[in-house]
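Peer 1:
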Amino acid sequence: MSVLSSHTQSLLDLLASITHNFNSDNAVMFFSDYGDVLQYVCVLYIVLILLGPRAMEGREACELSGVIRVWNLLLAVFSIAGSAYCVTLLVYMSASRPFYNVVCRFDYSVLYDGAFSFWVFSFMVSKIPEMLDTVFLCLRKKPITFLHAYHHLTVTIFSWNGGRHLLPSGIWFATMNYVVHSFMYSYYFLCSCGLKRVVAPIAPLITGLQIAQMVFGYAICLYTAYHKFVSPYGCETPAQLIRMGLLMYGSYFFLFVGFFISRYGKEKSRRPRKTSAETAIVERRPIT
90 MSVLSSHTQS LLDLLASITH NFNSDNAVMF FSDYGDVLQY VCVLYIVLIL LGPRAMEGRE
150 ACELSGVIRV WNLLLAVFSI AGSAYCVTLL VYMSASRPFY NVVCRFDYSV LYDGAFSFWV
210 FSFMVSKIPE MLDTVFLCLR KKPITFLHAY HHLTVTIFSW NGGRHLLPSG IWFATMNYVV
270 HSFMYSYYFL CSCGLKRVVA PIAPLITGLQ IAQMVFGYAI CLYTAYHKFV SPYGCETPAQ
330 LIRMGLLMYG SYFFLFVGFF ISRYGKEKSR RPRKTSAETA IVERRPIT
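So the mapping is simple: our numbering equals the position in the sequence shown, first residue as 1, plus 89.
1. By the three-class DSSP mapping on this structure, what secondary structure does Lys216 have?
2. Taking contact to mean at least 3 C-beta pairs separated by less than 8 Å, is the segment 231-249 in contact with the segment 296-312?
3. Taking C-beta to C-beta, are Met182 and Val191 nearer than 8 Å?
4. Among His254, Phe348 and Lys231, which one has its Cα closest to the Cα of Glu149?
5. Using the Cβ count rule (16 or more neighbours within 10 Å means buried), how would you classify Leu127?
6. So for Thr234, helix, strand or coil by DSSP?
7. To which residues of the same chain is Leu335 closer than 6 Å at the C-beta, ignoring the five residues directly before and after it?
8. How should Val371 be labelled, buried or exposed, when 16 other C-beta atoms within 10 angstroms of its C-beta is the threshold for buried?
9. I'd like to know whether the C-beta atoms of Phe342 and Met303 end up nearer to each other than 8 Å.
10. Identify, in the order they occur along the chain, each residue of the same chain with its Cβ nearer than 7 Å to the Cβ of Gly259, setting aside the five sequence neighbours on each side.
11. Under 7 Å Cβ to Cβ from Asn161, same chain only, skipping five residues before and after it: list those, please.
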């Protein structure tokens with residue numbers, strides 16, 4: 090037991106050293122030097138969506154319950170840790186400076202280098218590993234919905250493009266994503282442990298939380314657009330990322346509202362509650 094505790098403490102010390110000594114110069118260089126990787130990944134992802142289900146035709150679905158359980162647990166823990174750091178930072182910044190400064194001015198003293206920078210960088214990079222969600226759907230011969238595929242593809246493109254710039258509003262996007270992911274992947278983990286009936290009532294609440302995320306994300310983009318293009322104060326967010334964010338969050342809002350209505354409105358009277366929970370796990374509702 091003492092050996093296990095010693096190894097755990099060593100691992101935590103290593104993680105603390107990596108996060109606190111994180112150099113943001115390396116992060117910016119990473120996205121600049123490996124920008125072509127994003128293109129390769131997106132092409133492969135589209136190929137997976139189009140050809141993956143066909144390749145599985147005539148084959149038995151893979152039994153991945155154990156793998157998916159571990160995967161959901163890892164993403165839940167990762168998201169909770171990211172939430173703890175980013176929420177703390179966002180609360181501190183919001184309490185110590187005007188809202189405009191938090192959204193439109195990049196504060197090097199708190200956002201550049203160190204643990205908080207590490208977790209924002211991790212948020213951006215994690216979008217590619219999260220595409221494994223789609224691989225699992227394909228291997229299990231589950232339907233890959235447009236919402237699922239569109240979300241994973243667009244949020245990855247937005248995050249990697251944002252990584253090449255010092256994006257002041259990035260702390261807002263990362264914090265919202267981490268928080269919603271904390272609930273979502275914890276929910277998926279509990280379902281994968283056989284607790285679908287117990288946590289079924291939470292499913293509509295998570296979708297509602299996702300919709301709220303899209304509304305607030307769009308509001309942040311509108312705010313930055315106003316100061317970038319209209320206000321004399323200006324905004325440090327690049328124009329192309331503002332346009333991309335408006336398109337992305339706006340489309341997410343309509344897609345998620347449509348999903349919510351179709352899943353919990355029209356079908357609620359026709360299906361038992363547990364079926365909705367099971368279907369939610371299959372479709373793996375995405376978030377940003």
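Heads up, the beta-carbon is just placed ideally off N, CA and C, and yes, glycines get one too.
Peer 2: On the basis of the supplied data:
1. coil
2. no
3. yes
4. Lys231
5. buried
6. coil
7. Cys310
8. Reliability of the predicted coordinates at Val371 is poor, the pLDDT of 41 falling under 50, and the value obtained from them is presented with this limitation in mind. Looking at its Cβ environment, which holds fewer than 16 other Cβ atoms inside 10 Å, Val371 is exposed.
9. yes
10. Val209 and Gly251
11. Tyr274, Tyr277, Phe278 and Ser281
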